Each structure stands twice: as structure tokens, then as C-alpha cells.
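Student:
Protein chains in written order, with my numbering: chain A, 1 to 493; chain B, 1001 to 1493.
#1: Alpha carbon to alpha carbon, what distance is there between residue 1489 of chain B and residue 1402 of chain B?
#2: Give the straight-line distance between the Cα atoms of residue 1040 of chain B and residue 1122 of chain B, rounded to the nearest whole angstrom.
#3: Please classify residue 1276 of chain B: is it buried, with 16 or more other beta-carbons within 10 angstroms of its beta-carbon, or exposed?
#4: Looking at the structure shown, is residue 1203 of chain B part of a helix, part of a strand, or coil, going by DSSP?
#5: Taking 9 angstroms as the threshold (beta carbon to beta carbon), is residue 1438 of chain B in contact with chain A?
#6: With a floor of 4 residues, list each alpha helix (DSSP H) that falls wholly inside the stretch 1277-1340 of chain B, ordered by position along the chain.
#7: At the level of alpha carbons, what is the spacing between residue 428 of chain A and residue 412 of chain A?
#8: Could you tell me the distance, in whole angstroms, from the CA atom of residue 431 of chain A to the CA atom of residue 473 of chain A?
#9: Answer yes or no: do residue 1451 of chain B and residue 182 of chain A have a C-beta to C-beta separation smaller than 9 angstroms?
#10: Tell me where the beta strand (DSSP E) around residue 1060 of chain B begins and ends.
#11: Which residues, taken in chain order from the stretch 1098-1120 of chain B, show a beta carbon closer than 8 angstroms to some beta carbon of chain A?
#12: Which whole runs of the alpha helix (DSSP H) in the stretch 118-152 of chain A are 4 residues long or more, in chain order?
#13: So what does residue 1114 of chain B bridge to, in DSSP terms?
#14: Please list, in chain order, the residues of the stretch 233-246 of chain A that have any C-beta partner in chain B closer than 9 angstroms.
#15: With a threshold of 9 angstroms between beta carbons, is residue 230 of chain A in contact with chain B?
#16: Please give me, in chain order, every unbroken run of the alpha helix (DSSP H) with length at least 4 that falls completely inside the stretch 401-488 of chain A.
#17: For residue 148 of chain A, which of A/124, A/158, A/157, A/457 has the nearest alpha-carbon?
#18: Any Cβ of chain A within less than 9 angstroms of the Cβ of residue 1427 of chain B?
#19: May I ask you to report which of helix, strand or coil DSSP gives residue 197 of chain A?
#20: Less than 8 angstroms between the CB atoms is what I'm expecting for residue 18 of chain A and residue 31 of chain A, so what's the real figure, rounded?
#21: I want to see whether chain B comes within less than 9 angstroms of residue 476 of chain A, judged by CB atoms only; does it?
#22: According to DSSP, is residue 19 of chain A helix, strand or coil?
#23: Taking a cut of 9 angstroms between CB atoms, which residues from the stretch 247-269 of chain A lie near chain B?
#24: Let me know if residue 1324 of chain B comes out buried or exposed under the rule of 16 or more other beta-carbons within 10 Å of its beta-carbon.
#25: With a threshold of 9 angstroms between beta carbons, is residue 168 of chain A in contact with chain B?
#26: Between the stretch 1261-1276 of chain B and the stretch 215-229 of chain A, can you find at least three pairs of beta-carbon atoms closer than 8 angstroms?
#27: Does residue 1480 of chain B get closer than 9 angstroms to chain A when you measure Cβ to Cβ?
#28: Comparing alpha-carbon positions, which option in A/282, A/258, A/337 lies nearest residue 381 of chain A?
#29: Cβ of residue 1196 of chain B within 9 angstroms of Cβ of residue 1111 of chain B?
#30: Of all the options A/378, A/389, A/117, A/394, which has the alpha carbon lying nearest to the alpha carbon of residue 408 of chain A?
#31: Compare the C-beta of residue 488 of chain A against all C-beta atoms of chain B and say whether one is closer than 9 angstroms.
#32: Got a sec: is the Cβ-Cβ distance from residue 171 of chain A to anything in chain B below 9 angstroms?
#33: What residues match up with residue 31 of chain A in a beta bridge as DSSP calls it?
#34: Using 8 angstroms for Cβ pairs, my map puts residue 152 of chain A next to residue 238 of chain A. What's the rounded Cβ distance?
#35: Does DSSP classify residue 1037 of chain B as helix, strand or coil?
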């Protein structure tokens, strides 16, 4: 990965670097902390805080400068300037990542390259069901631009009001619609990328089929800014469903929930667009900290499933199909009870209940988070055995277990016992609990990072747990595409 | 790409290589042509013809040997042996490819590595909707194994009775179900691969979400055996649709066909599983050479669309939806007439009509084939302008234009004028006609290889037409993963 690290001083004076960056993007778009201004006119003391600290406030770095290029050509120039001055680059979108992948280290030598000014929607082709957008577009803006044409861009996640599509692609974001539409990777047909040499890969494409050589697109997607900088992408759109229905159902075990999923898939096919699982404690946390959120089928002792069905026929047909499914599930003993939202407001409340869990959990106190995935068929045995192992290790610890069951993705989080000091619990137990959980994940054929990526947080864990041949290949790819280690060093690999 | 080419003699005697291969896989699985047996007991004059000549009989090479390992470990050993003896390897599945990618060159030094004996279905996980199969499984056997569990493996193409899943993945095969289910790439969750060092990448995975590092899987998929040898894969399965309906409709222009596609997508959503286009001449060729195939809506003067709808509800609902769609299309003036198959036999006849076009075309004589893709929105203008350009260049030439309109994929083939010598036409005009077609494809933002790959046939064309930055990156990836140029040299890049 090259012989330059972020801790080596740049070979030329920092002033030269800053001047060259100002030449590339204009001085109002080169931000430096107070005392390190790039020249006259550069805002001093502009507060780089938002760029230097991650969303979870777990990492706080120090940047040499933050640059905000306005178009692809300027991104390429910034890369060339940084390569020349041997300053490493941390690409940044909406900076909402959860693994510290977009935050600079504390050397004070790195350049944060913010894509936020690349926020144009370049083209929407309704007949081709595609849309070409720049990396800095906010996800919600992309959704809204599609909706204005009665089309759907289905990527949807909690941070959609502030995350950018470039970041979504760089981290291969998941979210709540993966069951039907796939991850960010499956929603992208082509990418425009600035390489480590400051060249522009013209990979935008509105094609569903293109077998002209190696799949460069998917190599950049999910590489977390370590192989190249995605500056624009062509995205897949879908017809807007004619009706969307949401239901809540309760069952006694994850085993039942998996059986319900199989039934729902067979009955609803591709119209099944959401299948979320919540354990009882997840819902109790919401009831405790966010009592204003309605709680249907309450009190709850077992497991809850949130189902969403998106139909192309119409509300009446959709309702009939969903009710037939739930009736069959009741009859087969797969669920205890069910409630179908009878209007849009009720549907939103059900989703709100599911989406409020992370917030309620934060209110309850610090906890140990795991974003894991497993084969769906192995989730019941994973939950049963890992819950037991954790109780044996630390009696009374509380599991906030919820997630996208349809994708095999659980947010399997561990909270301190009732009344215990959360900070002390985190400090003392995180490493041992991670080991118990990740060992179990591996034993069940799962992944230690389902949708949040590796970044800084899980880099060491990955080095220990990933197949050695895979790790070796990844390092070779990094060396091949970024031989001098210019892009986001010490992240991922 | 390494300093060894297939035309250099191996540094050690060929006998050593053959002995080592026999040690790796057993003598009955090392085939050599007559006069070059690997030792006693090796079948002599076994006829390597099937391994040395491609399906279209366009290329005929000469192999040093054909080896048929029986499991992944033996594949790894063969790779190690070949690396040691500096013999390059041509991986081969069902050998049904159309671009010469699986056929050895004529040096007589290459080893053909046939995966056909790796034909076990390792696991089927119904709750997880996945299936792990070895590379040499015939596609149809994979489909049938899924169907035995009432599940669907949707990859479907003309060669399914003889092509292998390993070859399908190595070439990122397309076929008739891409509109709904995607290409081979989208149907694969993980791969097991033997690397150029003879190591085994344990990349099998039944996970829908896994963000632990770079996407190695998609790099091997579509690399046509030039980066590694896929030995097994975990595939996505789907519930078997409750009903499948097929219809034929006629319209006057590609423009109308594109408008019909948009309407069908909006009305049928994900239940629209097939949307094929045929020009009048395609159907006339079938009528001329395969008169036993029924021709509904005949005679035909314009364009025909084959629609397929796969529904999870039931035959009655499906029929109603399809008829409502066709009624709306008639009313909107998008189609002239339509016929819905009223039973399975009729549906098969409609598909047979579509699938017989290549055969009818071959009966008519040699022709110039183009497997291209375009943004769907640009297909009408592409067809109009390119048809006109070809008529201007060579008056009377006949266009056999058919394909997967839903994916933007056309098989845009050019046949000699009625009565002209096909061989002479091919010889004299192929290069100029390719230039006209491929220039038009590029001008319309399309691809010169939609689903068949590059192989040998389009390698020079790719070198001229692909984005230079992309080509440079592809060469770096080849050098990084196969530094000595062991795998399928002079193919793709």
C-alpha cells in the first residue's frame, strides 16, 4: 500500500499544497482551521468540526484542509495536487457513516475532499428508467427527483435526509428496501470515478447489460473511498407502486418469523418490499423513551414483524392479498396477532416505531453495536445460542435485537443490565462481547458487517476474521489501483 | 501482462508437465491428441475436437492437453502444475460461448482445464433461498434441482441444456429473464475461485448483505476465465411463480414497442418477466425455414413483441391483468393486435417462435452478428438511423433484428441481400458493417457486447472502443491478479 503514510510529513511545505488547492477550486472552497489559513480571503476559524468528527462522535481527527470542488474536473485537479504534494485524501459525502471511514486521522496532514458541491441531477431518462446524478446529491433529493416523474428510487435509510448518493455507493448502503430492490450496488448501472492518477473513468452507463470487460463499477462501489472517488452515477429507477400497505404481526419466536417470511415470499412474490424483525425489548425501549409513538398489539412478549407490500395493481387488491396472507399465517400458527395499517398515517406510525429503535436505544445509554448478516435459515439458531452465551457471560445484559430479517441482517446490540453503568459496561465488556458475537456469526456463516462497512472501526476485526486469500487479493487490488496509498489510507484494508 | 506468452516453448519438457498433470488428476482425466499421449493408459486419439473448436466453428485451436479435475483441490493442483511448467490455462465449461473465449490458441502449448466433472449440487437452503453448486453443473440441472423444491433459478438461455453455471458466471450470461431477475451476476451471492497461485478463495456465501471489503465476487464474474477459475457458486433462488402467461402483440414501430414496455412495466411491475422484440424479417425467416412452427397474427408487416408475465397470485388474476394491459395498449394505439396463449403448449410455441430465429437465420446463410445494448429510450432512433445507414452502404442487405427489448439488448444481425452469396458478403463487408453498427452503438451510448462477452472475437474492437482509462485499469487488474499471464492469455484485455 505504498510507502507513504499519513504520519510522515509532506515533502514540500504545507503552504504550497494549500496554494495549489486554492488554484484548483478557488479560495472560498479551501477551508482550514484557525491558524492554518491558506491565504488571504480564506475563512479562518471556519470550524472544521463537522468534517473532522464522525456522526457517532467516536472519532475526532484533524485535517490539513477541507476542499470542496465544484465539478468532476476540479476533483481530478485536487487529486493531482495532493498526489504531487504527497498529501493523502479522505473523500467525504454527507459524513453520516457509522464506522469512521470518512473522518480524517489525527495527523493534521490529510486533505478532506468533500463532494457536497457536486449536487446536480444531470439527467433523468424515464423511458430507460435511469437517472444520472452527481455524488454529492442528498439521497432524499434523488428520491424526490424520481418521484416528480412518478418514478421510484428505492434506496431508503434513516440518514436519507443528509447522506449523499456518493457515500451510499462508496459504502454499498443497504436500508429497508433491499429485500425487493437490492443494496446500493444493485441500484447502480454505472459510475464516473476519479482515479489515483487524477484521471476520470467515464463509466456512466444507462445499460442493463454490458459485458465489455471487467466489472470496474462494483469494485469502486463498497470500496469506502480507498480505490477511487466516485463523482457521479447512473441509477436504476422503477415505476412507482400503485399501493403500499404496511402491517404489524406478533409471533413467539424467530423460527416462526422465518416461516412467515417464507410464506410471505411465496404469496406476495416481488410485491413483498419490507420484512423487519423487532424483539420485545426493542419495542419496550421505544415505549419507555418515546411514549408518543403508538404501539399496536401491546403489550408484547415475543417478537414483532413489520411487513410492507407494494403493489402495482391497486389498494383494494393489495389489501386483499395482504389480509389473505395474514389469515393463512394465523391459521398455520405462525403468528399470534396482526394489524394492518388502514391509512397512510398509520403506516407511517408503524415504520416510525421500527425506525425509532436506535434513538430509544441511545436514550437508554451507550451500547455495543453489531451490524451482522446471516443466512436467513440460520437466524433462529444464531439468536438462541448467542443470546444464551451472552447471558452466561454477563447475566442480565439486555439485547436490542432488530433488523432487516428479509435480508438476513440483524442489528444485534448489547445493552448493560438494567441499572448498571453503561459507560463502564462498554469499556469493560466490549471486546469480550464482540468476540462472542463475531465468533457466533462466523460459526453460522455470517458477516461481521452487513451494511455499514469496515472503515476504521472494524479494520482490525476484518484482518483477523476475513479469509486470508481474500485479504491478500484485496491488498493487491489496493496496490494496483492506488499504488501510492493516496486514498483513505488505513481504512478497510 | 506477464512476460510469457503462449507462443514461447515451455521451459521444461512437455512430458514433465503431462506427468505432473496425471499425478494431479489421474491419467484417465488427462486427454491428449494422438501422438502426444501422457503415458501408458492415457486414451490416445481421444478426439480433442470438442475442446479445441468453438461452438460456432469459427475458431479451431490445438491444446497440449485437456485436463478434467474432479474437485476444487484438483483444480488448484492443476493450476500449480501449470504455473510451475509455464503452461497457460484455458478454463472451459460447456464450451457453448459465442466469442471464442474458451477455445485454445493454435500454439499446441496450452492446457484446457475442463470443469465438467465438478458437477455436484453441494447444498440447497430453501429457507434462505440459496443453492450452492459446482462450476460444471449444467444450467438445466441447476434449474431442475431448484424446481424439485418448488423454487426457481431464473437464468434461462438457449444453450441451457449444455452450458455450465461456471461458464454462465465467467461470462455474466444474460438470457430471457434479465428484465425481472438480472444477469448471472445479480443471481450469484458468492463464488469459490482458484487463483493464479493455485490458492482457493473461499468466497461462497449465502448472504444478501455483506460489506466486508472489496467486491471480489463481481470481479471474477464476467472476467471470462482471465483472472481466476470459478469452481463453485452460491446462487439466489426465488419462489416458483403460481402462474406464467405469454402473449404476442404486433405494432408498427420500435417507438410503439418502447411505449408498450413502459406501460407494461407500470401495470405489471415485477410480474413482467419477459419482453422480446422481433422485426418482420426475423419472423419471415422462421416461416421460411421452420414452417412447422405456428405463426399467430400472421402475416406480419411491422414489429412483434413477446410478453411474459409471471404472477404469484394465480392464473385467473394473471390473465385478467394481462388482458387489461393489452386492452389499454390497443386503446392507446400502441399495438395493432394481440394474442394471449391460452395454455402451456401455446405459450411454448410462442417462445419457440422467438427462440427459433437464430436457427432460421443460420439456415438462410452466414450473417454478420451484433450483440449490442442501448438505453431503451434510444433504441427507436438507433434502429431508424442504423437501418438507413446500412441500406445506403449496401442496398438490399437484410436486417435480422430481434432481442431482449426490456433489457435494451438487440441481436442486430445483417444478412446478405436476397440471392447474394452469403460467404462473399461476410468476407467483403463484415469489417465495414461492423464499423457502421458499432459507431452507431457508441453514438447512442450503447455497448458492443451486451451478453456474449469479449473473448477473442471482440478483443481488438474493445481495445479501440473502450474508454482508455477503463482499459488501463483493466490491464492493471489483470496484472495484479494474474501477474504471469497464466489464465486465458490474449482474451478480453
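C-beta: ideal position from N, C-alpha, C; glycine also. Computed from a predicted model, the values in this text were never measured in an experiment.
Tutor: So, from the listed chains and residues:
#1: 33 angstroms
#2: At residue 1040 of chain B the pLDDT is 38, less than 50, meaning the model places this residue with poor confidence; the figure from the coordinates comes in the next sentence. Each residue's Cα considered, the two are about 34 angstroms apart.
#3: buried
#4: strand
#5: no
#6: Those alpha helix (DSSP H) runs which fall completely within the stretch 1277-1340 of chain B and span 4+ residues are 1280-1289, 1315-1331.
#7: Residue 428 of chain A and residue 412 of chain A have their C-alpha atoms roughly 19 angstroms apart.
#8: 28 angstroms
#9: no
#10: Secondary structure note for residue 1060 of chain B: it is in no beta strand (DSSP E), with a DSSP letter that is neither H nor E.
#11: Listed by position, the residues of the stretch 1098-1120 of chain B near chain A (Cβ gap below 8 angstroms) amount to none.
#12: 139-147
#13: B/1092
#14: 238, 239, 240, 241, 242
#15: no
#16: Those alpha helix (DSSP H) runs which fall completely within the stretch 401-488 of chain A and span 4+ residues are 422-443, 459-465, 468-481.
#17: Ranked by Cα distance from residue 148 of chain A, the first of A/124, A/158, A/157, A/457 is A/124.
#18: no
#19: coil
#20: Between the beta-carbon of residue 18 of chain A and that of residue 31 of chain A there is about 10 angstroms, and that puts the pair past the 8 angstroms contact cut.
#21: yes
#22: helix
#23: 258, 259, 261, 262, 265, 266, 267, 268, 269
#24: exposed
#25: no
#26: no
#27: yes
#28: A/258
#29: no
#30: A/378
#31: Chain B, which has no Cβ nearer than 9 angstroms to the Cβ of residue 488 of chain A, makes this no.
#32: yes
#33: Under DSSP, residue 31 of chain A forms a beta bridge with A/66.
#34: 5 angstroms
#35: Reliability fails at residue 1037 of chain B, whose pLDDT of 41 lies under 50, so the model's placement of it is uncertain and the value that follows must be treated cautiously. Three-state result, residue 1037 of chain B: coil.
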